[in-house]
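In this note's numbering, the protein residues as written are 8 to 424.
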């Protein structure tokens, strides 16, 4: 057999193999998908009202720092650290779109230490990113910092790091409001000037921050501080004392109400009223997006949209933090903040699932990377299009009734072997 004939047969065989691969690839992908559904059906003990999908992504060798400008990014990002496997004291800082794509190295390995970890709380979950992508707020051992990705500049934001953080960025990335334990700070991003709530207001201001529950409204750029009138904050319910007037001034707002409303641009009082559910029934947790809040405690998972008064948007019986109210859905993150979940008001026609959970796993050379809890970043595009259904449309879909029947058939075949 001559060499030309052998070469021709080899090329033909390669072409057949290539065609066979592309013809059979969808079959094997679908087979793997159904087997994955079957595995979760076993893990979830046959329950179909909630479902988990994990996004795996690769962490490259020798990554380069990404362009910080993410103003037009179409989806929210999770923020996290990755531990250096050869030196556990060093971490790098990353961002990932919530559909598991576009991993971005933000801060290289060893530039900053990891956020604090105390008891069971990983304070990485309180990281936040500006709408233009340039700035990060990061808890550190000596206090939370503002980190400028454009030049590496660090700005100290008070002395507290190991407490819950509440954030609100202006959509044009000119300022951020940061609330921690007994600190409420307004940071002007162009100058890095840090203004304290008690510097703008008077003697009772710090007490208001300590005893009040703070939530914020991104669309309004307003700060809401609510009080339990029967507890230590009760003296704020009717602001008629000289000390109260000396603190917040006499702006012609109503004298009484369980919620004070402050302009985020000036930190000055502009309104008050009974805008928040009773504190006994609702221990307020602000949303990551600053558009609502979640009631823990006696509130039994009620979710509210910020307003005057706030309006109930739904209810979900789990111990969680509100991520956002996007489209017609409620988006949550569990307290450890290693996943996000989409909660539907009711099942769709094609699926019994009403809660879809998403989590993320980084792989380095095929091995699982050690990742922190997740903070969050919302681009300007995401903020300006928050009422669309783009989040749910971009993520892994709900399992259909047909999918579940196929998964059950896989399990039956396994049991018959």
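The C-beta atom is built at its ideal place from N, Cα and C for all residues, glycine as well. Keep in mind it's a predicted model, so treat the numbers as computed, not measured.
Spatially closest choice to residue i from the options, by CA coordinates
i	options	result
residue 134	391, 124, 145	145
residue 168	149, 181, 302, 155	149
residue 82	125, 129, 140	140
residue 416	34, 36, 33, 44	44
residue 104	414, 48, 420, 397	397
residue 175	49, 271, 394	271
residue 236	151, 424, 287	287
residue 114	91, 106, 156	156
residue 347	326, 111, 50, 71	326
residue 186	162, 90, 219, 160	219
residue 394	333, 128, 354, 49	333
residue 213	191, 234, 222, 223	191
residue 376	66, 198, 126	66
residue 392	61, 357, 136, 296	296
residue 73	422, 245, 99	99
residue 402	292, 33, 61	61
residue 112	406, 106, 89, 353	89
residue 46	34, 59, 234	59
residue 166	159, 160, 158, 152	152
residue 55	361, 385, 329, 289	361
Bridge partners - residue i, DSSP secondary structure assignment
i	result
residue 136	143, 384
residue 102	86, 111
residue 266	233, 280
residue 375	370
residue 294	Answer is none; residue 294 lacks a bridge partner.
residue 301	292, 310
residue 125	128
residue 341	327
residue 321	310
residue 153	144, 162
residue 221	232
residue 499	Look at the range of the chain in this structure, 8 to 424, and you will see that residue 499 is not part of it.
residue 69	Answer is none; residue 69 lacks a bridge partner.
residue 362	57, 350
Boundaries (first-last residue) of the alpha helix (DSSP H) holding residue i
i	result
residue 412	408 to 423
residue 310	Note, residue 310: premise wrong, no alpha helix (DSSP H); beta strand (DSSP E) at 309 to 312.
residue 61	Counting along the chain, residue 61 falls outside any alpha helix (DSSP H), though it belongs to the beta strand (DSSP E) covering 57 to 65.
residue 212	212 to 218
residue 397	397 to 401
Status (buried if at least 16 other CB within 10 Å, exposed otherwise) for residue i
i	result
residue 231	buried
residue 302	buried
residue 239	Any reading at residue 239 must be qualified, since the residue scores a pLDDT of 48, below 50, and its modelled position is unreliable; the value itself is stated next. Result: exposed.
residue 21	At residue 21 the pLDDT is 49, less than 50, meaning the model places this residue with poor confidence; the figure from the coordinates comes in the next sentence. Residue 21 comes out exposed.
residue 255	buried
residue 172	buried
residue 28	With a pLDDT of 46 at residue 28, under the threshold of 50, the modelled position of that residue is not reliable, and the figure given next carries that caveat. Exposed, because fewer than 16 other Cβ atoms sit within 10 Å of the Cβ of residue 28.
residue 409	exposed
residue 138	buried
residue 257	exposed
residue 39	exposed
residue 121	buried
residue 380	buried
residue 52	exposed
residue 414	buried
residue 420	exposed
Rounded distance between the beta-carbons of residue j and residue i, thought under 8 Å
i	j	result
residue 86	residue 383	6 Å
residue 364	residue 57	7 Å
residue 294	residue 331	6 Å
residue 164	residue 181	Wrong, their Cβ atoms sit about 16 Å apart, outside the cutoff.
residue 216	residue 204	6 Å
residue 316	residue 253	With 8 Å as the limit, residue 316 and residue 253 do not qualify as a contact, their Cβ atoms being about 28 Å apart.
residue 84	residue 102	4 Å
residue 350	residue 339	6 Å
residue 178	residue 312	Actually they are not in contact, since the Cβ atoms of residue 178 and residue 312 sit about 18 Å apart, beyond 8 Å.
residue 279	residue 259	At roughly 11 Å, the Cβ-Cβ gap does not stay under 8 Å, so residue 279 and residue 259 are not in contact.
residue 225	residue 298	6 Å
residue 322	residue 309	5 Å
residue 202	residue 274	7 Å
residue 373	residue 64	Contact doesn't hold; Cβ gap of about 12 Å is too wide.
residue 183	residue 233	Contact doesn't hold; Cβ gap of about 21 Å is too wide.
For residue i, the first and last residue of its enclosing beta strand (DSSP E)
i	result
residue 349	346 to 350
residue 255	Per DSSP, residue 255 belongs to no beta strand (DSSP E); it is in the alpha helix (DSSP H), 249 to 255.
residue 174	172 to 176
residue 206	Premise fails: residue 206 lies in the alpha helix (DSSP H), 204 to 207, not in any beta strand (DSSP E).
residue 191	190 to 195
residue 244	Neither: residue 244 is in no beta strand (DSSP E) and is coded neither H nor E.
residue 185	182 to 187
residue 353	Residue 353 -> no beta strand (DSSP E), and no H or E assigned at all.
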